[in-house]
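Quick notes on the structure that follows.
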Amino acid sequence: MADAKISRTAVKETWEEVTDTSEDIEKELEAPSDRKSDILLNEDSEELQEEDFELPLDVEMERSTEVLAETELEVFVDVETESYAEEDLPDIETESEVPVDIEPEKVDQIDSEIIQETESDVSEDMFSGKQTAGNIYTVTFFADNMVIDTQTVEEGEDAEEPAGPEKPGYTFLGWSGDYTKVTNNRNLYASYLKGVYTTYRMEFLDYDDRPIRNAQYVVEGWDASSPVSPVMEGNTFVGWDGSWFEVRKDMVIRAKYRVGEHTTYVLRYYGRSNQNQVSHILKEEWVVEGEDGTPPELEENEIYTFAGWDKGKPYTNVRENNTIYAYYYAGKIKTHKVEFVDFDGKALMNPQYVIDGQDAPKPLDPLREGYTFAGWKGNWLEIRKDVKMRAQYRLGEYTTYVLQYYGRSNQNQVSHILKEEWVVEGEDGTPPELEENEIYTFAGWDKGKPYTNVRENNTIYAYYYGGKLKTHKVEFVDFDGKALMNPQYVIDGYAIESPVAPYKTGYTFTGWDRGFYRITAPVKIQAVYREGNYATQPVYFYGRITGNLSWILLKTEYVPIGEDAHPPKLPVNAGYTFREWSGQLTGIQSSQNVYAQYDKNTEPMRTITVRFWNRGEVIKTEEVPEGGDATAPAVSVAKGYSFVGWDKSYVNINPQNRSVGAIDITAQYQLSSSMQNAGSLTDLVNALIALGVPLAVKDGFAALGAAIINPFDGIILDVLAATALVGTIIYYWDDIKGLWEDIKIIFRNFAGMDAAGEILGNIEAGVDEAGKGEVDFEAIARDLGDIAGKYGYNDIDEDGYGKCKVAADEMVEYLKKNKQNGAVINLMWSPRDSGYIWSDYAGKVAGDNGLHVGVLYEGRVYCNVHPYGLPKQQWIDDFNCMPPAIKMPPFEVPF
């Protein structure tokens, strides 16, 4: 403004009235038509009436999980007509109030008016429309039918904005018309909002620090309106260096440019804020084509959890204008960030925030010239941590198929998708590794839908047996070792069904290289071929085994017509002696069923002793006929463990299984899914030494840790070690009670949260059972009162919280050290910072941040306002917000 040539007509303190008549004004102007053009239909004035009050975009409120109540705000422009003829007036209703929309969600329940004077509000005696020589123009500012400032401005320069005139009962919003880059005579009129509000001054400046448009005075929390994008020769406008949304301070915002000519697109981001829970615009930015936008950082919301920006409208690699909405989950929920990126690390979809344990949505399969998409590196199913998925490609063009694997997990016992993969035609897929399931035993993947030599898309399901059973992996493979069927897991002692007979060019399939009627160990069964092409007939061999009177299919052989069949080796059938095979075995011409023939023995049947062991004790002894099956007993399982079977097979008992005098079979256990070793024994011991626990306590925990690491010996050593540790802890309790919470943290770091919880729970139960005296609840209540009473009821800490939170933290620590349970109880009002929290019972102010905290113990709640406690419901009912706000349901956090 220093170079601008401006002269100003002096204005008296009480605002001087212009006394020229309309006839004088008309004589001074070159023509009436010019007058009307310069004054009544001033282009800048018209533009501002359209620009100043932007209509809010039509927001799709169903995008939010909950819609808050919204108050309609009516805005008016006062139009007072005095001496002008009707045909000279702007195209508006006369002597009435004309409504104009102005961002209704920005004001809460306020009936307001904007009073914007126009040339029809000012008498014809009040104009100074004279054009001066030398391309100098007159700019006149009016307020309340009075001239408050008149300036002469050189062409292209800016007028100086006068101070905003006050109007009782109204708030000044700025000037209609435009006082920047003056190119004609101009009259500007003060605009007001009915009512008194806090406003902030917003300026939009160009690269040379010149204003692009009039300064705006924006009501606190409202949005300013951005000007038309400016132009700078040889450069491209790429946005503004600040935000003009939800204005809460004076701001100067400058235009940004990129050297050269570029195509740009506008991205608008909509979401919630703690001040406005209705979806509204948060940011607007200009992005050069092909580059990435930058979404706004969202506030931590106390009612919703951010789920991600609209995944169908990416803010990366921008190729079009877009309005992008934030999505939310209702309530506070644990989520993990999931990103999908291309081979070069560029995002393929806006990051999503997925609820713990749920599946992430994925983008469409990407394309890469000269390559074939081959899936994702990583797993987007049952998300438990932040993950970044990267697209994988195979060089060249291939046909691919998608395999989806469904099964169970310990977190979800209903069959659900576990993995999805892209497999090149003719190659093998890789099924997911399944968790050890405490309720079911895996039986194999659907044998009719192979994941090997893939030729089609398939959904492959895992099959299970109910309960924990001992199984053996059985594979059927072709001559080249390639799988003919997905591996199956067969119950110990059971048979398995073979796949369809395979085919090999120039060869004839004749059967399998071994029997599979009684599976007692993992086995791989291979197809057998004979060179040449022959017509064959199947021959089925049946026999009996000890303890089973039914006929068992022992072998199937495909015999070339006219040749001889080859009987299998017979299993033991205790009490009987094999005599011969019935049926035809030579010169096979048709399908044959051949049965083993037996003679009953006259001498006593031979038996073998089988002993079953559990946790160091024999729980059953059984005499089993040679070749027969033992019957396993039921076992009792220690807390925190699951029974996984026996260490040996108890079917087809024979002398080859025998140790000295008997066959010993031992129960096997594993840690349950909630008990997983998480740290090293050395770390456990070192941490306890650093804490300064007595040597005996350290040794007791070391023995317990060693037992946890090696629990598979049939004796639950850690249970015994934990039991032994109880006595040590009781003896040293006075020395370690102040360290107990730290000891528990150290042990959790070693054994894992769930394992420590179960084992420490057993230890603490043992300590309590051993007797540490009755709990003195009255003494504890007095101590809680003394702690809470130390803190003033209206003190504010450095984070803006009342001392209620500090008091609650200290009370919780005290209760934990005394091995007492309780809960932190929270009262909350919405919106936050809405007023003072007031206690009716105590007549005290508890804070001003919309949150009050207490500690629930034995049915009473203690806080810095009520240090000696109130019954829970009475405490909840006691507190209110002034002025009234929405009282949220209280929530508790147990400890």
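Residues 276 to 1170 in this note's numbering are what the sequence shown lists, from first letter to last.
Just so it is clear, CB atoms sit at the ideal spot from N, CA and C, and this is done for glycine as well.
Predicted model only: the values in this text are computed from it and were never measured.
For residue i, I'd like the list of residues in its chain whose CB is within less than 7 Å of its CB, leaving aside the five on either flank, ordered along the chain.
i     : result
D939  : R886 and W888
E1133 : F1052
V513  : K531, Y532, R533, T539, W561 and V563
V493  : T474, Y475, M477, A499 and V522
V803  : T785, G786, W787 and D788
A306  : With a pLDDT of 38 at A306, under the threshold of 50, the predicted position of this residue should be treated as unreliable, though the coordinate-derived value follows. No residues qualify anywhere along the chain.
S866  : Q812 and P813
A981  : L956
I1062 : A1082, E1085, M1086 and Y1089
Which one or two residues does DSSP pair with residue i in a beta bridge?
i     : result
L670  : Y646
G1129 : I1100
V677  : W697
S1105 : I1161
P797  : Bridge partners of P797: none, in fact.
S825  : Beta-bridge pairing links S825 to no other residue.
E892  : N889
S1114 : K1119 and F1154
F853  : Y873
L1145 : V1136
G587  : In DSSP, G587 forms no bridge with anything.
E429  : I411
Just checking my contact of residue i with residue j at CB under 8 Å: how many whole Å lie between their CB atoms?
i     : j     : result
F417  : N462  : 6 Å
L959  : F1025 : 4 Å
D703  : Y726  : 7 Å
D516  : R488  : With a Cβ gap of about 16 Å, D516 and R488 do not count as contacting.
G902  : N929  : 6 Å
W655  : N625  : The Cβ separation is near 14 Å, so there is no contact.
I794  : A770  : 7 Å
Y1143 : G1060 : 4 Å
D1152 : S1114 : Their Cβ separation, rounded to whole angstroms, is 11 Å, which puts D1152 and S1114 out of contact at 8 Å.
Y873  : D904  : No, Y873 and D904 are not in contact; Cβ-Cβ is about 19 Å, not under 8 Å.
K724  : N733  : 5 Å
G546  : L573  : 6 Å
If you check the beta carbons only, do residue i and residue j fall under 8 Å apart?
i     : j     : result
Q627  : K663  : no
Y604  : A635  : no
Y1066 : A1056 : no
V534  : E566  : no
T647  : E614  : no
R665  : V616  : yes
P777  : F816  : no
T674  : W697  : no
V814  : V834  : yes
P1165 : N1101 : yes
F853  : A840  : no
G632  : I608  : no
F754  : K779  : yes
T1003 : V972  : yes
G920  : Q943  : yes
I766  : Y740  : yes
Excluding five sequence neighbours on each side, which residues of the same chain lie with their C-beta closer than 8 Å to the C-beta of residue i?
i     : result
I836  : Y809, A810, T811, Q812, I863 and Q864
G1075 : For G1075, the pLDDT reaches just 48, beneath the cut-off of 50, and the residue's location in the model is therefore unreliable, although a value from the coordinates is still provided. The residues are N1124.
V1087 : G1097, V1099, V1130 and F1170
V506  : F512
With a threshold of 6 Å on Cβ separation, who are the neighbours of residue i within its own chain once the five nearest residues in sequence on each side are excluded?
i     : result
W1150 : V1136
E329  : Only weak support exists for where E329 lies, its pLDDT of 38 falling under 50; the value from the coordinates is given anyway. S500.
G850  : N876 and M880
I411  : T427 and E429
Y736  : Y681 and D721
E559  : R543
V1128 : C1079, K1080, A1083 and N1101
V699  : Y673 and T675
Quick check on residue i - is its C-beta less than 8 Å from some C-beta in chain B?
i    : result
T446 : The structure shown has no chain B; it contains just one protein chain.
Measuring only from the beta carbon, is residue i closer than 7 Å to any heavy atom that is part of the ligand MG?
i    : result
A937 : Only the bare structure without any ligand can be found here, which leaves the ligand MG out of the picture.
Cβ pair count under 8 Å reaching 3, the region 788-803 against the region 822-833: yes
Sufficient close CB pairs (3 or more, under 8 Å) joining the region 743-754 to the region 710-718: yes
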